[in-house]
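Below: one structure, written as structure tokens.
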Amino acid sequence: MYTYSRAALDAHCLLQVYQVIVEILLGIGLDLDEVVNEVTTGKTGYLFRMKRAFTEHNNESSTSVPAKGNIAKVPVVSANLAGTISTKFICDRMLYGLSKELRKLGIDCMEIIKDNLSHYVNIAKRENRYVLTRDTRYDLFLKILPQTQCLLIPNDTSVEQVLNIIRLLDIKIYENNLFTRCLHCNSNEFILALRHELQVMCYGQALDDVKELSAGNVSPYERTFNLLNVNQDVLKSKTTYRGKPIKLNRINSHILRSKEHFYICDNCGICTWDGAHSLHDSVMDLILYKNCETDTAAGF
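Residue numbers (my numbering): 13 to 312.
As structure tokens, this is what we get:
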């Protein structure tokens, strides 16, 4: 009994440590999944070296397929774009964590990655985007853009920053908006890949029988992103329609067994799935509260 209690206490302590690490990383604009991925599968990591050895062994007995940048896209006809959120942002690079949290909600949020501010100012004017910044950078943008288009972001956590923005601009977010943008590049165009198709890309063959996609809480076809289907060129070349290598290193065997479908960003090749990322409880509570207000006002 003592051994079990000790083990339970150790597990509890590890969970507490995990939560603290997550909060610290989010506070400085880093995602724990990406940090772990870089450590384990980066070019200096053990798993990368093992994967490279395995790939080189397979390449000796197979012909590699060159990547194609102009593959004809196969759209999912029933994709729903009607409820896309219209509010758009440009986020200063010092607010990296905020841009990721906004993208989780399906909000179009560009990042400032170059020093040429005039380029982003022109985009903000042309596309009517709010500029999110802080400190002295706010004054720089304020000299060029209307004050109503520049938002000075306080030095809070990224979660608090998102909550304040949603309240200030009264942004309506629904379940079919969530996780419809790539957290890495902001694209909303994804390739929908079923489990057996990912198995072909990872292992060279399908390990499970081909199954139709079952409906979850929100069907992929009901979400507000642009979906594409996998074709044979994508399977063979392991590249997206835009010619980007599909990044399969996050898909371990457990994920591949437990998930029915995956989303591959057509713009950057990042592969994700339902449950790969989560929203803070306070953000979800605010979304649900605002939706209840909307339904009540409409008489539902």
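Even glycine gets a Cβ: it sits at the ideal position worked out from N, Cα and C.
Can you tell me whether residue i is buried or exposed? The criterion is at least 16 other CB atoms within 10 Å of its CB, across all chains shown.
i: Ala227; result: Reliability fails at Ala227, whose pLDDT of 49 lies under 50, so the model's placement of it is uncertain and the value that follows must be treated cautiously. That one is exposed.
i: Tyr132; result: buried
i: Lys116; result: buried
i: Asn200; result: buried
i: Asp168; result: exposed
i: Val295; result: buried
i: Ile112; result: A small correction: the amino acid at residue 112 is Lys; Ile does not occupy that position in the sequence shown. Looking at its Cβ environment, which holds 16 or more other Cβ atoms inside 10 Å, Lys112 is buried.
i: Glu72; result: Residue confidence for Glu72 is low, a pLDDT of 38 falling below 50, so the modelled location carries little weight and cannot support an answer.
i: Arg138; result: exposed
i: Tyr301; result: exposed
i: Ser231; result: exposed
i: Ser249; result: buried
i: Thr75; result: Reliability fails at Thr75, whose pLDDT of 33 lies under 50, so the model's placement of it is uncertain and the value that follows must be treated cautiously. Per the 10 Å Cβ criterion, exposed.
i: Ser290; result: exposed
i: Asp293; result: exposed
i: Ile299; result: buried
i: Ser170; result: buried
i: Leu21; result: exposed
i: Leu219; result: exposed
To the nearest whole angstrom, what separates the beta carbons of residue i and residue j, a pair I think is in contact under 8 Å?
i: Phe237; j: Thr284; result: 12 Å between Cβ atoms; not a contact.
i: Asn303; j: Cys194; result: About 25 Å; that fails the 8 Å criterion.
i: Leu247; j: Glu209; result: 6 Å
i: Glu354; j: Leu206; result: Lying before the first or after the last residue shown, residue 354 is absent from the chain, which here runs from 13 to 312.
i: Ile203; j: Thr252; result: 6 Å
i: Leu163; j: Gln211; result: Wrong, their Cβ atoms sit about 45 Å apart, outside the cutoff.
i: Asn140; j: Lys100; result: 7 Å
Tell me, please, which residues DSSP counts as bridged to residue i.
i: Ala205; result: Phe274
i: Asn241; result: Leu204
i: Val143; result: Ile102, Cys162
i: Cys283; result: Ile276
i: Lys259; result: Ile282
i: Glu172; result: BP columns for Glu172 are empty, so no partner.
i: Thr96; result: In DSSP, Thr96 forms no bridge with anything.
i: Asp120; result: Lys100
i: Thr251; result: Pro257
Answer yes or no: do residue i and residue j have a C-beta to C-beta separation smaller than 7 Å?
i: Gly118; j: Asn189; result: yes
i: Gln173; j: Ile183; result: no
i: Gln161; j: Tyr142; result: yes
i: Ala136; j: Ile178; result: no
i: Leu260; j: Cys197; result: no
i: Leu152; j: Leu107; result: no
i: Cys121; j: Leu114; result: yes
i: Ile124; j: Asp104; result: yes
i: Val276; j: Ile263; result: Checking the sequence, you will find Ile at residue 276 rather than Val. It is not a contact, given that the beta carbons lie outside the stated cut-off.
i: Gly216; j: Lys256; result: no
Within the present structure, is the beta-carbon of residue i separated from the nearest heavy atom of the ligand HEM by less than 6 Å?
i: Phe191; result: The ligand HEM is not part of this structure, which contains no ligands at all.
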